[in-house]
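Comments concern the structure below.
4 protein chains.
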Amino acid sequence: MNAKDAPNPSASLVALLHGPDQPGLVARTSGWIYGRGGNILHADQHRDDEAGVFFQRIEWIPANGGGADAASFDAFARSLDMAVETVWTGEVPPVALFVSKVPHCFHDLLARWRLGEFRGKLACIVSNHRDLEADAEYHGIPFYHVPVDRSRKAEAEERQLSILREHGVRLVILARYMQVLSEDFLEACGCAVINIHHSFLPAFAGARPYHQAYSRGVKLIGATAHYATAVLDDGPIIQQDTIHVNHRHSVGDLVRRGRDLEKSVLAQAVRWHLQHRVLVYGNKTVVFD
Amino acid sequence: MNAKDAPNPSASLVALLHGPDQPGLVARTSGWIYGRGGNILHADQHRDDEAGVFFQRIEWIPANGGGADAASFDAFARSLDMAVETVWTGEVPPVALFVSKVPHCFHDLLARWRLGEFRGKLACIVSNHRDLEADAEYHGIPFYHVPVDRSRKAEAEERQLSILREHGVRLVILARYMQVLSEDFLEACGCAVINIHHSFLPAFAGARPYHQAYSRGVKLIGATAHYATAVLDDGPIIQQDTIHVNHRHSVGDLVRRGRDLEKSVLAQAVRWHLQHRVLVYGNKTVVFD
Amino acid sequence: MNAKDAPNPSASLVALLHGPDQPGLVARTSGWIYGRGGNILHADQHRDDEAGVFFQRIEWIPANGGGADAASFDAFARSLDMAVETVWTGEVPPVALFVSKVPHCFHDLLARWRLGEFRGKLACIVSNHRDLEADAEYHGIPFYHVPVDRSRKAEAEERQLSILREHGVRLVILARYMQVLSEDFLEACGCAVINIHHSFLPAFAGARPYHQAYSRGVKLIGATAHYATAVLDDGPIIQQDTIHVNHRHSVGDLVRRGRDLEKSVLAQAVRWHLQHRVLVYGNKTVVFD
Amino acid sequence: MNAKDAPNPSASLVALLHGPDQPGLVARTSGWIYGRGGNILHADQHRDDEAGVFFQRIEWIPANGGGADAASFDAFARSLDMAVETVWTGEVPPVALFVSKVPHCFHDLLARWRLGEFRGKLACIVSNHRDLEADAEYHGIPFYHVPVDRSRKAEAEERQLSILREHGVRLVILARYMQVLSEDFLEACGCAVINIHHSFLPAFAGARPYHQAYSRGVKLIGATAHYATAVLDDGPIIQQDTIHVNHRHSVGDLVRRGRDLEKSVLAQAVRWHLQHRVLVYGNKTVVFD
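Those protein sequences? They're chains A, B, C and D, same order as listed.
When we follow my numbering, the leftmost residue of the first sequence carries the number 1, and every step to the right adds one.
When we follow my numbering, the leftmost residue of the second sequence carries the number 290, and every step to the right adds one.
When we follow my numbering, the leftmost residue of the third sequence carries the number 579, and every step to the right adds one.
When we follow my numbering, the leftmost residue of the fourth sequence carries the number 868, and every step to the right adds one.
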């Protein structure tokens, strides 16, 4: 399943950088690119006045038409005391989808992938159950059944890591994957892991958030897409949304209505991440949308 | 400042009842009213299937054109094992507004009152500061300055209670009143107290919720109108809403943007309460909107 | 593909009625049901004060546990001068999906059907193209390719009508079906036809609404689910929604972002219709949600 | 009533420019500013790929700490074939509010002005009625009663123009002003005129939009803030929003609920305009928010 992405027909370089604010940063980064014949497509910056930090996303077509300038720009940005990551959109990152039994985010992402909504290649599907295997096969995507036995979790994670390595995975999406990944796994996988949590975090972290919401009598339910970290449901938030509910809604209704939120919030976060629009800074994100 | 409310030109009886579900409740309550010549304007019911509880709001114009049937209906509903409260909309309940220095909810409520959005009479304004006194006077509403000294809080609350009694207040609105009311006060005041909290509860309860939200990096801020109870920010929720924020918003921006939420959420909760649409059940509400 | 619908495990009768308002209607309909041993699950009514019309949706489990009371209730309601339609939820209505090439609403509805979100049986798929045939087959739903040649449209509609008759279809969903159905077809099909239009009607009726929206520079795009009538994009509206857009969004972005709206708005309208919650009145709808 | 605006404590230059796209524009504008010792606070650009047009908003603190560089930057931008307008935020633009009898936008804007939400000075209030005169006086803002007699409209507009000239007004806000301004007035006033229309334009342009919406049976109502042009309700749109309504809402309810939309949409548009964030391009706007 290959990626198409209409708004970006030709390949470009995209840099995300941040560091201590200083005069002239916008002029110097754009000047560096212009001076080498690059054509800037987008340049978006943000200044955290309180912390004195400068953030920038800059996208350009280099004069030579290839990704070779990435390393040079990184070196230049570091000389300005910036942390930086520059990617070449001509390379399509392989993505792994982790699922369990709940199918709605899985089906929604597949349908979007077929429509070309994501810059990335859906390389493989990993699941601790076989429920979605036939669907994966129908779509022609490799499916790996990796059961997770509580007492032998490390073994399962070893198997998962080896699958990720085999496919060169650059992003893991937890599409309602009902297992907590260990800190070891998150370090070893060497790439971003995006999770969808079915509440408006930090409210109702942990298990069964719709039951928690029902019990508290809230008038809105939410969904949160965030980067997975060692602390459960506490990673940097990428996107959130809510919808109104009322006393007529049973827990089952919250589950059903929440599915629509989970699908759109997760898809939006994945889309932004794959467009290299999300910069993590401390436990927060800057999203250049 | 007197109330007008366009959708209810003539006075009616409104009953809120709930109790163990049993067959025939809809038929029996409507039959009772019809049998006495009453004209039912609205009848809305809800059944909590899990708990086996029946809830109803029923509004009717009695044959005799007065509020005398309220007590008879209450007796009838109790004979069905229902908890019930019936009000006569011909009586306009006096309302007290508690404020501190922050003016936006205060101004918004005043402007809405002048437009007749609420069924109720704005009887008095109580504040621990004098900042809004001139505005209250301009609008012709009695203003009481009751400073709250931490060491003599009980004394201040005594003064507040006496003001409420003097005006026969049936509802207290805490319009960004920056003091916690004691459990004693809440019991003694003998009427509902509606508070507006500037977060999507249960997230960010307590002090400085916008600072908490900023620090956590959420992508939505919220506001919650709820009945005040002895446990801070934990009472039954009446209404909530959220809006999107992003990394460009400083804490000051969250404060500013949150004001719009606080105003509309509080006004909606007050409006519903004064229309006798909110039934408290455990720590939750059923809102017949 | 069979329907499951968690909130309504046991079958019930659902009546939608409306007619001239008169005292005692709530008491009389509920009394009729109670008098025959029926157990009312929901009763929701609305009064159009201006037009003097009473509307009601009432759902009950009859004493005999079957659908036989439907005709009796209809006769009773007609004796009250009401137009009425009562259905027995024990019968699962067959539904036809009309599609062309655009797949998102099609995939979304299929995924929801598999999750049991709709009270209805997806009986067949009709398309003027073959693009979605393989997907239909994978899901085990009969697929009919009925090409529509402009000069022989009546012939194609004859073929479509015969498919609907063969499956006993009670609802047609136009899931981005890119052909206008004739007035003759709409009369002959003998059932409701729900269409999704990709704008906030009445703005941008007709062809290419996202191009129209882009050209006008609106800051919101919308979607509208409505019953198809002889006048294009003018039938009774069931549901609508909007999302914000800005100058950064190309027409392609509007198309992509609008898909999420179209999916959720259409699904909601279908769900309500199949729960017998939508009462058409003139060119408007009363939705008992 | 003077303006405060927390996020911009010290004065800056803000340029809005647009013109044919060409390589190096970001580098050249930022380089020009940096080369003169300016400190860029924000730089936001947009490229209309289809039309080949470049748009930019750039805000900076000039080295000399005054507004003198505005003219030099304008000359420079024009040398790049750009249309440009640069303002010095140290100058506070006088604003006129036009009102009739409907008070909600008027009261809302006054309350926001007192909270410092707008960069601008509320210089005067002009009305064809006296209803809001007392409120204007209480807030200490000059109030001009200019009755508009249909047969002598030109005379009234002459009077209005002379008031605008007297106060050096740079922005006119039509806060539910119930008169159409002539093309002559719009040309002669020499400044932007922002209107709030109580529908989601282009739906329901013209008179009584809530009645139109009710009659059509839409499930959302909206509000639109736009620049007034010679064609009624057809000018460039700055901001829009919608809320859900249902069959229970009478026209009176739409009017009441729409007020909340009108207030927030108008205030947002005014805020953006006064922050020099709105660039008009053809009949559309680019809003650098």
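Quick reminder that beta carbons are idealized off the backbone N, C-alpha and C, glycines included.
Which residues in the same chain as residue i place their Cβ atom closer than 8 Å to its Cβ, once the five residues preceding and following it in sequence are excluded?
| i | result |
| --- | --- |
| K797 (chain C) | H822, V823, N824 |
| V391 (chain B) | R465, M467 |
| C191 (chain A) | L164, V169, R170, L171, V172 |
| D1127 (chain D) | I1110 |
Short of 7 Å in beta carbon distance, which residues of its chain neighbour residue i, apart from the five on each side in sequence? Order them along the chain.
| i | result |
| --- | --- |
| I639 (chain C) | S588, S590, G616, N617, L619 |
| D233 (chain A) | H197, L201, A205, G206 |
| G932 (chain D) | none |
| C105 (chain A) | A175, R176, I196, E262, K263, L266 |
| I141 (chain A) | M1, L122, C124, I125 |
| V569 (chain B) | Y516, P525 |
Who are the Cβ neighbours of residue i in its own chain at under 6 Å, not counting the five residues just before and after it?
| i | result |
| --- | --- |
| A269 (chain A) | I194, A225, I238, Q239 |
| N586 (chain C) | Summary for N586 (chain C): the model assigns pLDDT 41, below 50, so the residue's position carries little reliability; its value from the coordinates is reported in the next sentence. So the list is empty, once near-sequence residues are dropped. |
| A77 (chain A) | L17, V84 |
| F143 (chain A) | I125, E133, A136 |
| A6 (chain A) | Note that A6 (chain A) scores 39 on pLDDT, short of 50, meaning its location in the model is unreliable; the coordinates nonetheless yield the value given after this. No residues qualify anywhere along the chain. |
| L977 (chain D) | H1006 |
Could you compute how far the alpha carbon of residue i sits from the alpha carbon of residue j?
| i | j | result |
| --- | --- | --- |
| P309 (chain B) | D338 (chain B) | 11 Å |
| T956 (chain D) | L1141 (chain D) | 9 Å |
| V146 (chain A) | L97 (chain A) | 13 Å |
| F1052 (chain D) | V809 (chain C) | 41 Å |
| A882 (chain D) | H167 (chain A) | 49 Å |
| P1103 (chain D) | N995 (chain D) | 26 Å |
| F54 (chain A) | W32 (chain A) | 17 Å |
| A443 (chain B) | A492 (chain B) | 30 Å |
| H913 (chain D) | Q923 (chain D) | 6 Å |
| F651 (chain C) | I510 (chain B) | 50 Å |
| T607 (chain C) | T318 (chain B) | 13 Å |
| R1144 (chain D) | H276 (chain A) | 26 Å |
| G116 (chain A) | D289 (chain A) | 18 Å |
For residue i, tell me which candidate among the options has the shortest Cα-Cα distance.
| i | options | result |
| --- | --- | --- |
| A512 (chain B) | B:A494, B:G341, B:S504, B:P312 | B:A494 |
| G860 (chain C) | D:A1134, D:L1146, D:G1084 | D:G1084 |
| F407 (chain B) | D:A930, D:T1109, D:D1120 | D:D1120 |
| G987 (chain D) | D:F1010, D:A1003, D:V959 | D:V959 |
| P295 (chain A) | A:V87, A:V255, A:L161, A:H129 | Because chain A is modelled from 1 through 289, residue 295 (chain A) falls outside the range shown and cannot be assessed. |
| G341 (chain B) | B:P312, B:G320, B:A502 | B:P312 |
| A43 (chain A) | A:E59, A:Y34, A:G35, A:R28 | A:E59 |
| C1056 (chain D) | D:R1138, D:V1118, D:R1115, D:E1024 | D:E1024 |
| V388 (chain B) | B:M371, B:W402, B:G405, B:D420 | B:D420 |
| L470 (chain B) | B:Y516, B:D578, B:P383 | B:Y516 |
| M371 (chain B) | B:L450, B:G324, B:L314, B:W561 | B:L314 |
| D241 (chain A) | A:R257, A:A71, A:V95 | A:R257 |
In chain order, each alpha helix (DSSP H) run of at least 4 residues that lies wholly inside the region 456-493 of chain B = 472-478
Which runs of the alpha helix (DSSP H) fall wholly inside the region 372-442 of chain B and span at least 4 residues, in chain order?
-> 393-403, 422-427
Between the region 539-555 of chain B and chain A, which residues of the former have a C-beta closer than 9 Å to a C-beta of the latter?
-> S539, V540
Residues of the region 879-908 of chain D with a CB closer than 7 Å to any CB of chain C: list them in chain order, please.
-> none
Within the region 500-572 of chain B, ranges of the beta strand (DSSP E) (whole runs, at least 3 residues) = 509-516, 526-533, 567-570
Listed in chain order, which residues of the region 1019-1032 of chain D have Cβ atoms closer than 8 Å to some Cβ of chain E?
-> The chain labelled as chain E is not found among the protein chains of the depicted structure, namely A, B, C and D.
Counting only runs that start and end within the region 323-373 of chain B, where is the alpha helix (DSSP H) found for 4 or more residues in a row?
-> 358-368
Mind checking the region 131-145 of chain A against chain C and listing, in chain order, the residues whose C-beta falls within less than 7 Å of any C-beta there?
-> From the region 131-145 of chain A, only Y138 have a Cβ closer than 7 Å to chain C.
Residues of the region 786-801 of chain C with Cβ closer than 8 Å to any Cβ of chain D, in chain order = R794, G795, V796, K797, L798, G800
Can you give me, in chain order, the residues of the region 42-62 of chain A that have a beta carbon less than 9 Å from any beta carbon in chain B?
-> H46, D48, D49, E50, F55
Quick one, which residues of the region 72-93 of chain A are near chain B if we go by CB-CB under 9 Å, in chain order?
-> none
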